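Numbering (the working numbering), first residue to last: -1 to 404.
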């Protein structure tokens, strides 16, 4: 795996030979995708091999018609990947005609094996079986009964043992082809699974970035909105308070821009480590100060425990979103954050006294959904709803014993 990340070659044929899935490579011209080299090599082997094999056989001498039949059986293999059914049927018929006319045995049967292999691995199993079955049956009829009526003259009939050997050869071709087909389908499933996994990881990363941006911007803009309203109201009557509100707006916007840049930097350079540490529960006092600038008094109970980075960030963002919802949707100016860590579980509770100031009491659907997704990603839960005595409560239960990020 390390070699792959460093630019080294991947595992050899881990997901199939490269020529079996050309969709992973740039599109090539149609003529370039024809198997010219293998077909030319096979044609040469058939022509030269048959010429050598003809010596010593009591068969019809290989003449121009015989060579034409050999070419007719070999050349169509150029289109065996595009049109496997007519190629395998035509090749089997040509080879059967060649044998019926009494021409010498030889490597001509390789053309049928190659055509059959291509048909089976591309899913046309029935056509390949039919072609091989007809070839074997036709040869058996000629070799056992019709040999007296066909050339060469004085030809002797074949024995049953010879036909069994040929039948065994046919079965071996089918078995190898079927094995290759199964392996190819397995590689195709693996490639599809890898593509789905990559797409799922991309979706999860987009959701993570969306949650980060939502949490950062929602909190900071809520503070800015409250301070902007206070500044406008006090601009004429109390310029000093208006100046303080503008100072808070400047600080909140600067922090928001910094966190947004950090998120976008991680997006643009996924392989690089972040330059600044991710926010965590250690920044709760700073979060309380920002909420106080928006007019919300935050009381923190409990000591933040040491957490893995992912859990620390999730806990901070959950508290941040809960306090943002109090600022935006509650009439209460007081909130309580309570932390309890025991038994490998962190319990975060954020309460306000209410009342709600709009229909979206407790927060918008996106905010609560983001908190639930953060908790679920760690194996935790979120409960959010009205309190029995009034107000709203967000309760997060997060496991703290997590595997270190790889």
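A virtual CB, placed ideally from N, CA and C, is assigned to each residue, including glycine.
Values in this document were obtained by computation on a predicted structure and should not be read as measured data.
Quick one: using the 10 Å Cβ neighbour count with 16 as the cut-off for buried, is residue i buried or exposed?
{"i": "residue 53", "result": "exposed"}
{"i": "residue 59", "result": "exposed"}
{"i": "residue 210", "result": "buried"}
{"i": "residue 114", "result": "buried"}
{"i": "residue 195", "result": "exposed"}
{"i": "residue 317", "result": "buried"}
{"i": "residue 201", "result": "exposed"}
{"i": "residue 61", "result": "exposed"}
{"i": "residue 139", "result": "exposed"}
{"i": "residue 130", "result": "buried"}
{"i": "residue 134", "result": "buried"}
{"i": "residue 64", "result": "buried"}
{"i": "residue 46", "result": "exposed"}
{"i": "residue 80", "result": "exposed"}
{"i": "residue 173", "result": "exposed"}
{"i": "residue 124", "result": "exposed"}
{"i": "residue 291", "result": "buried"}
{"i": "residue 385", "result": "exposed"}
{"i": "residue 170", "result": "exposed"}
{"i": "residue 163", "result": "exposed"}
{"i": "residue 353", "result": "exposed"}
Helix, strand or coil for residue i, going by three-state DSSP, please let me know.
{"i": "residue 330", "result": "coil"}
{"i": "residue 213", "result": "helix"}
{"i": "residue 191", "result": "helix"}
{"i": "residue 294", "result": "coil"}
{"i": "residue 58", "result": "coil"}
{"i": "residue 151", "result": "coil"}
{"i": "residue 236", "result": "coil"}
{"i": "residue 315", "result": "helix"}
{"i": "residue 32", "result": "coil"}
{"i": "residue 339", "result": "strand"}
{"i": "residue 354", "result": "strand"}
{"i": "residue 23", "result": "Bear in mind that the predicted position of residue 23 carries a pLDDT of just 43, short of 50, making it unreliable; the figure below should be weighed with that in mind. The answer is coil: DSSP assigns residue 23 none of H, G, I, E or B."}
In terms of residues, what are the limits of the beta strand (DSSP E) holding residue i?
{"i": "residue 277", "result": "Counting along the chain, residue 277 falls outside any beta strand (DSSP E), and DSSP gives it neither H nor E."}
{"i": "residue 383", "result": "379 to 384"}
{"i": "residue 394", "result": "390 to 397"}
{"i": "residue 343", "result": "343 to 350"}
Pull up the distance between the alpha-carbon of residue i and that of residue j, whole angstroms please.
{"i": "residue 311", "j": "residue 230", "result": "35 angstroms"}
{"i": "residue 179", "j": "residue 119", "result": "4 angstroms"}
{"i": "residue 391", "j": "residue 377", "result": "20 angstroms"}
{"i": "residue 249", "j": "residue 371", "result": "29 angstroms"}
{"i": "residue 412", "j": "residue 309", "result": "With the chain running from -1 to 404 in the structure shown, residue 412 is simply not present."}
{"i": "residue 342", "j": "residue 303", "result": "11 angstroms"}
{"i": "residue 87", "j": "residue 127", "result": "10 angstroms"}
{"i": "residue 44", "j": "residue 51", "result": "10 angstroms"}
{"i": "residue 259", "j": "residue 284", "result": "19 angstroms"}
{"i": "residue 186", "j": "residue 192", "result": "10 angstroms"}
{"i": "residue 177", "j": "residue 184", "result": "11 angstroms"}
{"i": "residue 344", "j": "residue 242", "result": "37 angstroms"}
{"i": "residue 326", "j": "residue 199", "result": "33 angstroms"}
{"i": "residue 89", "j": "residue 72", "result": "8 angstroms"}
{"i": "residue 205", "j": "residue 381", "result": "21 angstroms"}
{"i": "residue 157", "j": "residue 149", "result": "18 angstroms"}
{"i": "residue 57", "j": "residue 147", "result": "14 angstroms"}
{"i": "residue 168", "j": "residue 151", "result": "28 angstroms"}
{"i": "residue 55", "j": "residue 101", "result": "9 angstroms"}
{"i": "residue 97", "j": "residue 190", "result": "44 angstroms"}
{"i": "residue 339", "j": "residue 374", "result": "18 angstroms"}
{"i": "residue 76", "j": "residue 368", "result": "57 angstroms"}
{"i": "residue 208", "j": "residue 35", "result": "52 angstroms"}
Looking at the secondary structure, which residues open and close the alpha helix (DSSP H) in which residue i lies?
{"i": "residue 90", "result": "82 to 98"}
{"i": "residue 124", "result": "123 to 139"}
{"i": "residue 76", "result": "Counting along the chain, residue 76 falls outside any alpha helix (DSSP H), and DSSP gives it neither H nor E."}
{"i": "residue 107", "result": "107 to 119"}
At least one CB of chain B closer than 8 angstroms to the CB of residue i: is that the case?
{"i": "residue 67", "result": "In the displayed structure, chain B is absent; only one protein chain is listed."}
Would you mind giving the Cβ-Cβ distance between residue i and residue j, rounded to the nearest angstrom? I have them listed as a contact below 8 angstroms.
{"i": "residue 69", "j": "residue 41", "result": "7 angstroms"}
{"i": "residue 93", "j": "residue 110", "result": "5 angstroms"}
{"i": "residue 355", "j": "residue 389", "result": "About 12 angstroms; that fails the 8 angstroms criterion."}
{"i": "residue 218", "j": "residue 254", "result": "4 angstroms"}
{"i": "residue 479", "j": "residue 323", "result": "With the chain running from -1 to 404 in the structure shown, residue 479 is simply not present."}
{"i": "residue 305", "j": "residue 398", "result": "6 angstroms"}
{"i": "residue 104", "j": "residue 48", "result": "4 angstroms"}
{"i": "residue 319", "j": "residue 213", "result": "5 angstroms"}
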